[in-house]
Amino acid sequence: MSIQSARKDLILMVVFIAAVLTMPIWLAPVGASYPDLLQKFAIFGIFAIGFNILFGLTGYLSFGHAAFLGVGSYAAVWSFKLLTMNVIPAIIFGTVLAGIFAVLIGFVSLRRSGIYFSILTLAFAQMSYNMAYSVLTPVTNGETGLQLEQSDPRIFDAAATGSGLPSTELFGMKMSGYPGFYFCAVLLILAFFVSLRIFRSPFGMKLAAIKSNQVRMSYTGFNTRPYLLVAFVISGMYAGLAGSLLAATDPLAGAERMQWTASGEVVLMTILGGLGTLIGPLLGAGLIKYFENIFSAYNEQVLHEIFSFLPQFMENFMVFIVNPFVGEGWHLTLGALFMIIVIFLPGGIMEGFAKIAAWFKKRGNKSDDDDAAAPAKAQTSEG
Amino acid sequence: MSDISRRGVLKAGAIAGAAIATPTIFASQAQAFRNDPGSAKSIKLGFNVPQTGPYSEEGADELRAYKLAVKHINGEGDGGMMNTMKPLSLKGNGILGKKVEYVTGDTQTKSDAARASAKRMIEKDGVLMITGGSSSGVAVAVQGLCQEMGTIFMAGLTHSNDTTGKDKKRYGFRHFFNAYMSGAALAPVLEKEYGKDRRAYHLTADYTWGWTQEESIKNATEALGWQTVNTVRTPLKASDFSSYITPVLNSGADVLILNHYGKNMVDSLTQAVQFGLRDKQVNGKNFEIVVPLFSRLMAQGAGKNIQGILGSTNWNWALQDAGSQAFVKSFGAEYGFPPSMAAHTCYVQTLLYADACERSGGFNPVGVIKALEGHEFDGMGNGKTLYRAEDHQCFKDVLVVRGNDNPTSQFDLLKVVQEVPRAQVEYDPKIFGGELGPYEV
Amino acid sequence: MDAIFIQILNGLDKGAAYALIALGLTLAFGTLGIVNFAHGALFMLGAFCAVSMQKLLTISNKVRDTSITFFEAYKEVPYLELWWGDFGTTIIEWSVPISILMAIPVMILVGIAMERGLIRHFYKRTHAEQILVTFGLAIVIQEVVKHFFGANPMPQEIPGFVSGSAPVGTFFGLSDALVYPWWRLIYFLFAASIIGGVFMFLQYTTYGMVVRAGMADRDTVGLLGINIQRRFTIVFALAAVVAGLAGVMYTPILPPDYHMGMEFLVLSFVVVVVGGMGSLPGAVAAGFLLGILESFSSMNEIKSLLPGIDQIIIYLIAVVIILVRPRGLMGRKGVMES
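Residue numbers (our numbering), protein chains in the order written: chain R, 760 to 1142; chain P, 8 to 448; chain G, 5 to 342.
And the structure:
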């Protein structure tokens, strides 16, 4: 790796850390600055970054990654129930158990490629979901989701039980609210850093080579499977980490986390943001979660407030126009957004940024445009 | 070891801090609770209902009821049940003189999404109470969250015994009836209509609500002397029930009990009728189908197939008591059609919460909880009702209904067979276990 | 014996539904190479053709129920019944079969519009982009339907003349007590004839031959001066019609709601892939196989042996088949393998 690109990565990393840690400030104007949503941004960011290591680098589209998210959550909640309310063991268990599941599922699924691989992963996840919802209820508490109970043993902090349910903590610091967000944010930064290292490493190069032409790779006598399996397990562990963080910030594990719609969601996040880019999946995750939590909360009352600066008839007209797209119509907006982005920006949101950057560069320096004209598609492994 | 000493230090610091600030803090300390409105002119409530997915129609109806309740509490409109509710402390000027506002959110009928939405309401919008929902999984999940957060949860449509049974919470309240009460209410009617010697076959949605209902109905019918031939679990996502229905035909059963709700119920009932179950004679008796939990909104989806089928429901717009009439009147005037039972329970819950705040003289949830516990009221449909202190379950009359053979209008789908008096559906709170937890969190 | 016989019938019936849905998907997916996540939405649109036809036929004379004063409640009597009496009632009962006449042109138009307007521009794009755009489209279609029809299921009638059960036991010399709903038998026959029709079209018409050639090698066919683009439009329209008809005929069994497409989407992908990419017979065979095995797995005897097996059977079979046969039942080499 050249010194120049190393410095570029360093800048990227610094900017990333600053951006993540100041999220509560710069997200305030759009109404997204409250602990739960910030936590969700960080957690699903980790999920999407991890998914991108598999899908973005190797081109293997897993349609069952939600299974690992669910496994991570269940493991973490069980750790809270049986051992201690400290989140460290919980996330370790969640990540490791998800990793074990990923080894098993990956080992079987990676025997096939393309759509056959996708359906294998989908099948495993759907089996997990259906079982968790029904026959595995003693372990998962089924429909309701696994929750903490007064009677849980919690062998390591039995002494400290007061009245009411204990909350998750990190050596005495409660993991709800802003501390919870900063904890997730630190892990997000770590996850991003690891992902960056993987993208830049020889291992990452090999994965990218597998993506571009697996047949040629195997002709050279190169066994691709172990590499794929490692990528699969890493991304499964990212999902497990995200799942256990979901449980750490809010100690509940529901079966829906394993459903195909949840697997589909991370696929959409990754593609929406920019497949194979470092930052893109994170943006996609943020955008989808933002829509889910903020757009769905607009109702007529809120809209009237928003448009109250307009004259009365205009206000009513605008509310009439906008209303079908918010509140119960937030799915419609999301669907339309998917279509618009993919039609106009094949590379996802990241391509949008690249285009804007290119435009500025062009304006700034009209004579030298071969840099600016570099299409976004070519920089699949760039931030 | 280091943990303990660190805690000690913290504690010492806290005491020192408290000592310095004693004069000002002491008074407010006793009242400190999340989202205290203080001297604000308005307060916010959170309406968390399914806005997307298969239950969105129910969610929309719940939301209509909430908006109506807010209007009435703020003294707008015709007042609805505020005219009939007894005792009533509300004055039509909001709650304790503060105007009521609301925020809405989408539960998607998923525990995760529902909790995320509730958290947004609590953390971002500063609501004092969360209400809504149309499934027990969501109700239990949100109720657990509200207990942690110290925010009151007034459950919407949730029928599982668990909500006020093994998963009951100090901060959670349910006005809706439950599976046990369905069984207790239905049993005598089933006995009268179908006799003591029947063989029942259960098809049960394979998740917690389905199981509690199956258990309750099974116990109630077996107490009559009925036999249970078989109980079969069906996958939640099943839409073609043919392979579950065909074994019923030759099982020797003469009653089919469908422990299904929503889309599951619509599909399984439609298909059971298509398989000719209702035209059959078994053991010399007419084959019958029972749907223990009926909702008019959902029954529309099964069309003519519900005709003549018995079930139970929490409330129906055709009730003639003054409270129900007042509610149907103002809901009908506002929206042009009658409210569903989900709308009714949500409307009542909002009024009850507001009234409890008024009675307790503040918004501190501890006071509000104490005002609701053991509160007895009347004039809100379903007769005299008690919010039982031991499990936060409302006890009131339960309706046994039958699918209408000859509806006089598009809304006239269910006919009330009997209003089963409250005494008949009461039970000992201990049978389901669970613990409410502390007042202070 | 009777129990097994009836479960085979159930399986065939379920299988017919799966096969029909998968057939439409595999036309677009296995042959045009489009990962069409909007396929479920096409199925749902077909079902709502039936709903619309029913609404049209039951436009009613509304007689106010004056006993209700709080809101306007009506006793609705369809004009057809008022004008033509029992004949009118019969027409309304036949709304599902009649709506086939409407569904075919509607679905053709939808298919053409979708292919021309959107899908065409995505043949050369990555599968990831195809997923995103078709999934977005599916959500938009769903939400529009929800806007007009609400979220509740809409019951559809079966023509009175076939509403009862057929004494299938006596047909096959088994117990008289064995009965099966006529409509489900009709659905099976209907599905079989549609499947047969599609195969004949592709196999025995020149048109179909060119399409098949185009599937195998689009570029060469294009070089021969044949407008393969137009043929692909037609194939897509055909896929839409097949999905739509599957939806129309399924409505009496499954009262349609706006969400039904999503529930069938995953299943139809599983069926297509188990059948093998690019193989129409494979998809049909997989549909029947999964349908029959699912029916058997929900028998009480088997459930008591393996609790919850009916919850996962489809996926379990999918895993086993894909592992045993690398390209599903009859997949072609190199289709969607990378």
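Idealized CB from N, CA, C, for every residue including glycine. As the structure is a computational prediction, the values presented were derived from the model and not from experiment.
Whole-angstrom distance between residue j and residue i, CA atom to CA atom
i	j	result
VAL1101 of chain R	PHE806 of chain R	21 Å
LYS199 of chain P	GLY315 of chain P	15 Å
ASP911 of chain R	PHE839 of chain R	9 Å
ILE1099 of chain R	GLY66 of chain P	29 Å
VAL846 of chain R	GLU1015 of chain R	22 Å
ASN411 of chain P	TYR62 of chain P	23 Å
LEU1004 of chain R	ILE850 of chain R	7 Å
GLY251 of chain G	PHE33 of chain G	19 Å
LYS287 of chain P	VAL262 of chain P	11 Å
Cβ of residue i within 8 Å of any chain P Cβ
i	result
ASP911 of chain R	no
THR843 of chain R	no
ASN972 of chain R	no
TRP785 of chain R	no
LYS59 of chain G	no
TRP187 of chain G	yes
ASN156 of chain G	yes
HIS263 of chain G	yes
GLN1071 of chain R	no
Within-8 Å CB hit, residue i to chain G
i	result
PHE958 of chain R	no
LEU1091 of chain R	yes
GLY1094 of chain R	yes
LEU300 of chain P	no
PHE282 of chain P	yes
PHE294 of chain P	no
SER821 of chain R	no
PHE1097 of chain R	yes
Any C-beta of chain R under 8 Å from that of residue i
i	result
LEU327 of chain G	yes
TYR214 of chain P	yes
ARG129 of chain G	yes
ALA132 of chain G	yes
ALA123 of chain P	yes
SER347 of chain P	no
MET348 of chain G	No statement about residue 348 of chain G is possible, as the shown extent of chain G runs from 5 to 342 and does not include it.
ARG14 of chain P	The predicted model places ARG14 of chain P with a pLDDT of 47, which falls under 50 and marks its position as unreliable, so this point remains unresolved.
ALA21 of chain P	Residue placement at ALA21 of chain P cannot be trusted, given a pLDDT of 46 that sits under 50; what the coordinates show is reported in the next sentence. So, not an interface residue.
ALA322 of chain G	yes
Bounding residues of the alpha helix (DSSP H) (the contiguous stretch that carries residue i)
i	result
VAL255 of chain P	249-256
TYR342 of chain P	329-342
LEU1 of chain P	Lying before the first or after the last residue shown, residue 1 of chain P is absent from chain P, which here runs from 8 to 448.
ILE993 of chain R	984-1008
Boundaries (first-last residue) of the beta strand (DSSP E) holding residue i
i	result
MET136 of chain P	136-139
VAL407 of chain P	405-410
PHE54 of chain P	49-56
ASP113 of chain P	106-113
ILE296 of chain P	295-300
GLN234 of chain P	234-241
Three CB pairs or more closer than 8 Å across the stretch 261-271 of chain G and the stretch 171-182 of chain G: Too few Cβ pairs lie closer than 8 Å, so no.
Validate contact between the stretch 865-876 of chain R and the stretch 1027-1039 of chain R using beta carbons, cut 8 Å, 3 pairs: Flag = no, the stretch 865-876 of chain R and the stretch 1027-1039 of chain R do not touch.
Complete alpha helix (DSSP H) runs within the stretch 194-245 of chain G (minimum length 4 residues, chain order): As far as the stretch 194-245 of chain G is concerned, its whole alpha helix (DSSP H) runs of at least 4 residues are 210-220 and 222-227.
Cβ contact check for the stretch 890-909 of chain R and the stretch 204-221 of chain P: 3 or more pairs under 8 Å: As far as the Cβ criterion goes, the stretch 890-909 of chain R touches the stretch 204-221 of chain P, which means the pair count is three or higher.
Cβ pair count under 8 Å reaching 3, the stretch 39-49 of chain G against the stretch 278-287 of chain P: Under the 8 Å Cβ criterion, the stretch 39-49 of chain G does not count as touching the stretch 278-287 of chain P, having fewer than three qualifying pairs.
Those runs of the beta strand (DSSP E) which lie wholly inside the stretch 294-335 of chain G and span at least 3 residues: Listed in chain order, nothing qualifies, since the stretch 294-335 of chain G has no complete beta strand (DSSP E) run of 3 or more residues.
Contact between the stretch 174-181 of chain P and the stretch 148-157 of chain P (3+ Cβ pairs under 8 Å): Yes, they touch.
Meets three-Cβ-pair contact criterion under 8 Å: the stretch 1003-1011 of chain R and the stretch 1080-1087 of chain R: Cβ pair count under 8 Å is below three, so no.
contact_flag[the stretch 412-421 of chain P, the stretch 391-399 of chain P] where n(CB pairs < 8 Å) is 3 or more: With the cut-off at 8 Å, the stretch 412-421 of chain P and the stretch 391-399 of chain P do not touch.
At least 3 beta-carbon pairs within less than 8 Å: the stretch 207-215 of chain G vs the stretch 225-244 of chain G: Yes, the stretch 207-215 of chain G touches the stretch 225-244 of chain G.
Touching by the beta-carbon criterion (3+ pairs, under 8 Å), the stretch 346-358 of chain P and the stretch 72-82 of chain P: At 8 Å Cβ cutoff, the stretches touch.
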